[in-house]
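K.L.:
Heads up, the sequence shown is in UniProt numbering, so the first residue is 1 and it goes up one at a time.
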Amino acid sequence: MRIITNHEDGEVEMHVVIVDSTGVILNEYMVTGSDDHHIKHCWIPVVEGQTFEIWWFGRGPNSYSKLDILATPCLDGSDVNCGVLLARERARDGWGWLDSHQVSADMARPFEFGRLELADDDEPPPDALVEDPNTIRVQLGWGWSRPQQLGHESDCHTFECPEITTSLGKQEALLAGNYASVTLGEPIASDILETQNFRRKLGIPSAEFVFHYGPADWLQAYGIDLNVPSNSGVNEGWN
């Protein structure tokens, strides 16, 4: 999806896409929302067990040339690691990307689509259920970052792993019928974490991209025509 807005200095364009493990962008359907309100929604088809990545990009007038872009993702209501696309990477038409949540200096758990489980209780406590089911939310903001690399011996950084709940209330399940979920896979080796201290540019609103997801057959039953994706080259202006 993309959001295009007009600012005092000129046009600002921001993109976020969800990509599978082979680098293929997942098709987007039923794109709704408003550029003027800085938010877009869509539906994407997913496959249980499939890993995925979040990619983002932005461009603007010359006054934005030295600004970085911070991506803040939220998976099914749970916050995970942020990422930064540096200004020098944007200048080379590079994209920012996140594919996992860091759990130690050199280990990460990949983003993965899974399956919701029905809660045993008819009325389980609210904190035992998915907060924002079937959604990948990504907020993009402009500003400046300062990298801080953490080595293997670093003990000044605490790694936290979110508990992404995969339980759904029975009544919710009956109403929705969409059992897809997002989870974190088993830990794998990763590059040494480079964290970013980020300072937002005042006066520039952030943009929010909300990807609702479900199995392809459920999307079709929901009335979504999978033969007409919204993120074609014509509709989304890829170049």
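Glycine is no exception: its CB is placed at the ideal position from the N, C-alpha and C atoms.
In this structure, how does DSSP classify Ser190 when only helix, strand and coil are distinguished?
P.N.:
Three-state DSSP puts Ser190 in coil, outside helix and strand.
K.L.:
What did DSSP end up calling Arg200 once you bin it into helix, strand or coil?
P.N.:
Strand.
K.L.:
What is the C-beta distance between Met14 and Leu116, in whole angstroms, given that I count them as a contact (C-beta under 8 angstroms)?
P.N.:
Contact doesn't hold; Cβ gap of about 30 angstroms is too wide.
K.L.:
Which ranges does the beta strand (DSSP E) cover as unbroken runs of at least 3 residues, wholly within the stretch 44-68, from first to last along the chain?
P.N.:
Qualifying beta strand (DSSP E) stretches, in chain order: 52-59.
K.L.:
So who's on the other strand from Val16, going by DSSP bridges?
P.N.:
Beta-bridge pairing links Val16 to Trp56.
K.L.:
By Cβ distance, which residues of its chain are closer than 6 angstroms to Gly83, with the 5 residues on each side in sequence left out?
P.N.:
Here the set comprises Ala71, Gly96 and Leu98.
K.L.:
Please tell me whether Asp76 and Val210 are closer than 8 angstroms, where the distance is taken between their beta carbons.
P.N.:
Result no, Cβ atoms of Asp76 and Val210 do not sit closer than 8 angstroms.
K.L.:
How is Ala105 classed by DSSP in three states: helix, strand or coil?
P.N.:
Ala105: coil per DSSP, three-state reduction.
K.L.:
Using the beta-carbon count (16 or more within 10 Å), is Asp68 buried or exposed?
P.N.:
By the 10 Å Cβ count, Asp68 comes out buried.
K.L.:
Helix, strand or coil for Asp217? Go by DSSP, reduced to three states.
P.N.:
If DSSP states are grouped into helix, strand and coil, Asp217 belongs with the helices.
K.L.:
Using a Cβ-based criterion (distance less than 7 angstroms to any ligand heavy atom), does Arg90 qualify as near the ligand ATP?
P.N.:
This structure does not include the ligand ATP; it has no bound ligands of any sort.
K.L.:
Helix or strand or just coil, what does DSSP make of Asn178?
P.N.:
Reduced to three states, the DSSP call for Asn178 is coil.
K.L.:
Looking only at its own chain, which residues have a Cβ that is under 6 angstroms from the Cβ of Pro73, when we skip the five neighbours before and after it?
P.N.:
Excluding sequence neighbours, Pro73 sits near Ile54, Val80 and Val138.
K.L.:
Using CA coordinates, which residue listed in Arg146, Asn197, Trp144 and Gly185 is at the minimum distance from Gln50?
P.N.:
The shortest C-alpha separation from Gln50 is found at Gly185.
K.L.:
Using only the alpha-carbon positions, how far apart do Thr5 and Ala180 sit?
P.N.:
Taking the straight line from one Cα to the other gives about 33 angstroms.
K.L.:
Going by DSSP, what residues sit across from Thr22 in a beta bridge?
P.N.:
None, per the DSSP bridge assignment.
K.L.:
So, are the CB atoms of Ile136 and Tyr213 less than 8 angstroms apart?
P.N.:
For Ile136 and Tyr213, yes; Cβs fall inside 8 angstroms.
K.L.:
Using DSSP with H/G/I as helix, E/B as strand and the rest coil, what is Glu112?
P.N.:
Residue state, collapsed to three classes: strand.
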